[in-house]
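Asker: One structure coming up, written as structure tokens, with questions to follow.
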Amino acid sequence: MIRRTLELVALVSVGAGWGVYTGSLMLAVSGAVAGALLWVALDNLRAGLVLRWLSRGEPSTPPAVGAVWAEVGERARKALLKLTRQAADSEAKLAKFLEAMQASPNGVVLLDAGWHIVWCNLTAAQHLGIDGKRDVQQIIKNLVRDPGFTAYLGAGDFSGPVEIPGRDYLQEPPQRISVQVHPYADGRMLLLSRDVTALQQAETMRRDFVANVSHEIRTPLTVLSGFVETMQHLPLDETDRARYLGLMAQQAERMQTLVNDLLTLSRLEGSPVPGTGESFDAGELLDTAMDEARALSQVLAQGSHVLVRVFGPAPRLVGSRNEWHSAVSNLLSNAVRYTPAGGQVSAGWRLLPDGGAELAVADTGPGIAAEHLPRLTERFYRVDRSRSRETGGTGLGLAIVKHVVQRHGAQLRIDSRLGKGSVFTIAVPAQRVRVNGTAD
10 MIRRTLELVA
20 LVSVGAGWGV
30 YTGSLMLAVS
40 GAVAGALLWV
50 ALDNLRAGLV
60 LRWLSRGEPS
70 TPPAVGAVWA
80 EVGERARKAL
90 LKLTRQAADS
100 EAKLAKFLEA
110 MQASPNGVVL
120 LDAGWHIVWC
130 NLTAAQHLGI
140 DGKRDVQQII
150 KNLVRDPGFT
160 AYLGAGDFSG
170 PVEIPGRDYL
180 QEPPQRISVQ
190 VHPYADGRML
200 LLSRDVTALQ
210 QAETMRRDFV
220 ANVSHEIRTP
230 LTVLSGFVET
240 MQHLPLDETD
250 RARYLGLMAQ
260 QAERMQTLVN
270 DLLTLSRLEG
280 SPVPGTGESF
290 DAGELLDTAM
300 DEARALSQVL
310 AQGSHVLVRV
320 FGPAPRLVGS
330 RNEWHSAVSN
340 LLSNAVRYTP
350 AGGQVSAGWR
360 LLPDGGAELA
370 VADTGPGIAA
380 EHLPRLTERF
390 YRVDRSRSRE
400 TGGTGLGLAI
410 VKHVVQRHGA
420 QLRIDSRLGK
430 GSVFTIAVPA
440 QRVRVNGTAD
């Protein structure tokens, strides 16, 4: 400021001095005015250079326009640098926030007060069938045309969600999307979407499971209750009494078997995957399971089934012996239950060229129609319910087999044709197989 004042005084003094030198007061005044105007012109020129530099919006070195304007330019440059850094930080934070929203398993849609789409992530685009770039500023009610969704927005009560069909509603099971709106500042809306197909399927499975368990237990309980009432109110001779007690024991055993299978399934689902620290002889396990199958055949058909062990030497398996015993025992017991008296059940291990192993259990039973094969491992699914109940089956055996196989990284194959019998094959991967006689 002092320098600018000195510049002005100097120019005015030069103009006035010229007038005094020429001996004229008017010229002295005119010279002073001219000097002042010249200073104003120079100052405006310097200001114009600074303004042009500022208009570029770049934090570069300001023009050399004298000490005062240079100081103004330098301060403006520093302020611009600060604003640029703040803008970059804000953009980086916004980018990270949007990345987090993109990574969210839930759909996120930002809406303005007029229900126009401001932004949405990929999950919301997939759930609602919209395009995150093309549909910006489109009214969401015009894009999501489900009547339930339109009524939900029109009612204005957003205390809870609404469920609508997803874009993949034709899949099996049909996709279902839960949508809820959350109002926030200035009438804007945050719309969250969530795929609840799996939750609904799990809830349906839970209801079916409870209904199936109740049904399976109700039948033996009804029989037991009937026999108890009979024995309480009717005089029975020793023969009838013994027969009724035998039937009651049979129904009680059936319920016990069902409870044991349910506990086995629960244990399989709730425990960690078996490690590699335990190994056992698969041939010895198969012999034990076949002895149990012969005992079952004795009960069901007076031991008339022919049980044969086939194939070559058995390997050692790495994993849980108890779980494998449940799986192999269930395969053999199923084969005995569904093979008529006098039929044959064969089972055996064999080593595969890739280092793995296979267990095959074959029977000469009635076979299974192709439409039933994909559902055989479902809980309580039976091809012939009357046959299963007659032989004491619970409908959980193959579900147990499936869980054991999956927990050991193996695969279950089922080959069957009506009238030709069935073959159940478990393929065990090489990492779960040891050849007998070698170190674990």
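When you line the sequence shown up against my numbering, it's residues 10 to 449, in that order. We treat Cβ as the ideally placed atom computed from N, Cα and C, and that holds for glycine.
1. Give a yes or no on whether the C-beta atoms belonging to K150 and W124 are separated by under 8 Å.
2. In the DSSP assignment, the beta strand (DSSP E) including G116 goes from what residue to what residue?
3. Excluding the 5 residues flanking V437 on each side, which residues of the same chain have their C-beta closer than 6 Å to its C-beta?
4. Just checking my contact of P170 with P183 at CB under 8 Å: how many whole Å lie between their CB atoms?
5. What number of angstroms, rounded off, separates the C-alpha of G121 from the C-alpha of Q146?
6. Terminal residues of the continuous alpha helix (DSSP H) containing S369?
7. Assess, as a yes-or-no matter, whether the region 304-322 is touched by the region 356-376 under the definition of 3 or more beta carbon pairs within less than 8 Å.
8. Consult DSSP for T285 and reduce its assignment to one of helix, strand or coil.
9. What residue range does the alpha helix (DSSP H) around E247 cover?
10. Got a sec? Which residues, its chain only, sit under 7 Å from F158 by beta carbon, not counting five neighbours each side?
11. Just to confirm the assignment, what range does the alpha helix (DSSP H) spanning W124 have?
12. For a cutoff of 8 Å on Cβ pairs, would you count P283 as touching chain B?
13. Please classify H242: is it buried, with 16 or more other beta-carbons within 10 angstroms of its beta-carbon, or exposed?
14. Once you ignore the five residues that flank A378 on each side, which residues in its own chain have a CB closer than 7 Å to its CB?
15. Rounded to whole angstroms, what's the CA-CA distance from R416 to V337? Just pull it up for me.
16. Under a three-way DSSP split, which group does A112 fall into?
17. Helix, strand or coil for A436, going by three-state DSSP, please let me know.
18. Checking 8 Å against the spacing of the C-beta atoms, do V413 and L277 come in under that value?
19. Report the option in S329, R330 and A356 whose CA atom is closest to the CA atom of S342.
20. So what does DSSP say about Q146, is it helix, strand or coil?
21. How is the alpha helix (DSSP H) around A160 delimited, first residue to last?
22. Among V442, Q259 and A408, which residue has its Cα nearest to the Cα of L271?
23. With C-beta atoms as the reference, is G406 less than 8 Å away from N339?
24. By the three-class DSSP mapping on this structure, what secondary structure does S187 have?
25. Determine, using beta-carbon pairs with one atom in the region 379-388 and one in the region 295-302, whether at least three such pairs fall under 8 Å.
26. From which residue to which residue does the beta strand (DSSP E) around G357 run?
27. Throw me the rounded Cβ distance for the I186 and H224 pair, which I believe falls under 8 Å.
Answerer: So, from the listed chains and residues:
1. yes
2. G116 to L120
3. G365, A366 and A419
4. Not confirmed; about 17 Å, so no contact.
5. The amino acid occupying residue 121 in the given sequence is Asp; Gly does not appear at that position. Approximately 9 Å, taken between the alpha carbons.
6. A small correction: the amino acid at residue 369 is Ala; Ser does not occupy that position in the sequence shown. Per DSSP, A369 belongs to no alpha helix (DSSP H); it is in the beta strand (DSSP E), A366 to D372.
7. yes
8. coil
9. E247 to G279
10. V171, I173 and V188
11. No alpha helix (DSSP H) contains W124, which DSSP labels as neither H nor E.
12. Structure shown: chain B not included; a single protein chain is present.
13. exposed
14. L427
15. 14 Å
16. helix
17. strand
18. yes
19. A356
20. coil
21. P156 to A164
22. A408
23. yes
24. strand
25. no
26. Q353 to L360
27. Not quite, the Cβ-Cβ distance comes to about 33 Å (not below 8 Å), so this is no contact.
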